[in-house]
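Remarks on the structure that follows.
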Amino acid sequence: MLGLVKLIIFGFVILTVIYVLVWLYSRSVRRERLEDQWDADNPEGGDPQAKETYVEDGMKDYHASIRPKLILLVYVIPVVLIVAVMIVINWS
Amino acid sequence: MVYVKWFFRIVVFVLLFGVLHYTLPQHDVVRVVNTYQERQDLNDWTRIFWAQPDDQSAELVNRDVQFIQTVRRKTWLFGFVPRESTGVMVYRNEDTGWSWPFYFKFDTASLQTEADDLRSTAENPKWAVMTHYGWRMELLSVFPNAVAIRQVDSPDYYPIPWFNIFFFVFLGVAWLFLRAMWRQFRERSIDPVVDSAGEAWESADQRFDDTRGRLRRWIDSWRRSPRR
Numbered sequence: 000m001l002g003l004v005k006l007i008i009f010g011f012v013i014l015t016v017i018y019v020l021v022w023l024y025s026r027s028v029r030r031e032r033l034e035d036q037w038d039a040d041n042p043e044g045g046d047p048q049a050k051e052t053y054v055e056d057g058m059k060d061y062h063a064s065i066r067p068k069l070i071l072l073v074y075v076i077p078v079v080l081i082v083a084v085m086i087v088i089n090w091s
Numbered sequence: 000m001v002y003v004k005w006f007f008r009i010v011v012f013v014l015l016f017g018v019l020h021y022t023l024p025q026h027d028v029v030r031v032v033n034t035y036q037e038r039q040d041l042n043d044w045t046r047i048f049w050a051q052p053d054d055q056s057a058e059l060v061n062r063d064v065q066f067i068q069t070v071r072r073k074t075w076l077f078g079f080v081p082r083e084s085t086g087v088m089v090y091r092n093e094d095t096g097w098s099w100p101f102y103f104k105f106d107t108a109s110l111q112t113e114a115d116d117l118r119s120t121a122e123n124p125k126w127a128v129m130t131h132y133g134w135r136m137e138l139l140s141v142f143p144n145a146v147a148i149r150q151v152d153s154p155d156y157y158p159i160p161w162f163n164i165f166f167f168v169f170l171g172v173a174w175l176f177l178r179a180m181w182r183q184f185r186e187r188s189i190d191p192v193v194d195s196a197g198e199a200w201e202s203a204d205q206r207f208d209d210t211r212g213r214l215r216r217w218i219d220s221w222r223r224s225p226r227r
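Chains G and X, in that order, give the protein sequences. With numbering that gives the first Met the number 0 as the guide, the letters of the first sequence map in order to residues 0 to 91. With numbering that gives the first Met the number 0 as the guide, the letters of the second sequence map in order to residues 0 to 227.
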């Protein structure tokens, strides 16, 4: 049973590292897209203050949406895979 | 330097290939001849080629291990090209438990029973697909670990390695994703810092050049040799 405990602890640490990296990446991509969108709408640059407001509002919408919650699948998918592997190997 | 780089790359590639070839599942078309159980000594470095079925087995100096003796269809190219000839292969049958490699195999006793049930003779053969991982190394008494067995109709059955296909597709996707993450990080976090640092460095460098230029000209004015 100690093996299971070890697997859970190490698995949790590794998956948390992956979760944080994906979370940062997804946020960064969204922010870049918002900035690009603003630059496309305002070819001459526009007001930097307004741009910041626009980007921050977009980020707020992003954090409220389902997308950042989907990153939690990083924890769910490996557990599902492990259960599937156990069933296939041992009980089929 | 080029040789060092290539040496390093080849070593990494060979190690990676070795680990994957040892760990990933492979399928053999076999005919089970017999099964047996034998006490194995585990107190030297070849311990790494035996599984660790449960926690207390980590400290054991020896224990009983189950084996499955088979006649196997030979193949070329890691099982991709079947051959007409047959050879023998002996598999060990051990739980992998919760530890590496992650097969989560706990049904050793059931698998041994299934293998016993499939025992057949050369005159009246029953063929089966044996899923296993690991290598057979006679010199070190190393055996591949059987993971699953199922009966097939003929020795010409061609097992498609679905798991490995998905695994390598996943590996490729993961690699692309990692690269995209790294590029995003570099573009958004490193480059702006490096650019501003680069500008600061250039202006400092320019000031240094100006100062040194004056100093150098003054020193050179005392020398006879022409300035390089």
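Backbone N, C-alpha and C fix where the C-beta goes; we use that ideal spot for every residue, glycine too. A quick note: this is a predicted structure, and the numbers were derived from the prediction, not measured.
Asked	Found
Round the Cβ separation of X/V87 and X/R71 to the nearest angstrom and send it over; I've been treating them as touching at under 8 Å.	7 Å
So that I know if they touch, is there some Cβ in chain X lying closer than 7 Å to that of G/Y89?	It should be pointed out that residue 89 of chain G corresponds to Asn in this sequence rather than to Tyr. So, interface residue.
For X/S98, count the other beta carbons within 10 Å of its own beta carbon; 16 or more makes it buried, fewer makes it exposed. Which is it?	buried
Just to make sure I have the definition right: I need the residues of chain G whose C-beta is within less than 7 Å of the C-beta of X/G171. Which are they?	The premise fails here: X/G171 is roughly 17 Å from chain G at the closest Cβ pair, so nothing lies under 7 Å.
Closer than 7 Å, CB to CB, is X/M180 near chain G or not?	yes
Residues in its own chain within less than 6 Å of X/N163 by CB, not counting five upstream and five downstream?	L23
What are the boundary residues of the alpha helix (DSSP H) that includes G/K50?	47-63
Closest to X/R46 by C-alpha separation, out of X/S84, X/Y21, X/P158, X/S140, would be which residue?	X/S140
Have a look at the DSSP bridge pairing and note the partners of X/G86.	X/R71
For the region 183-202 of chain X, which residues have a CB atom closer than 7 Å to at least one CB atom of chain G, in sequence order?	Q183, R187
Got a sec: is the Cβ-Cβ distance from G/M85 to anything in chain X below 7 Å?	yes
Can you name, in chain order, every residue of its own chain whose Cβ lies under 8 Å from the Cβ of X/L138, other than the five neighbours on each side?	none
Taking the alpha carbon of G/D38 as the point to measure from, which residue in G/S25, G/K50, G/R29, G/V28 has its own alpha carbon closest?	G/K50
Could you tell me how far apart the beta carbons of X/G78 and X/Q25 are, in whole angstroms, since I believe they sit closer than 8 Å?	6 Å
Would you kindly work out how many angstroms separate the C-alpha atoms of G/D35 and X/S195, rounded to a whole number?	21 Å
Interface residues of chain G around X/W97 at Cβ under 8 Å?	G2, L3, K5, L6
Can you name the residues of chain X whose CB is closer than 7 Å to the CB of G/V28?	Q183
Is X/R91 near X/F142, with beta carbons less than 7 Å apart?	yes
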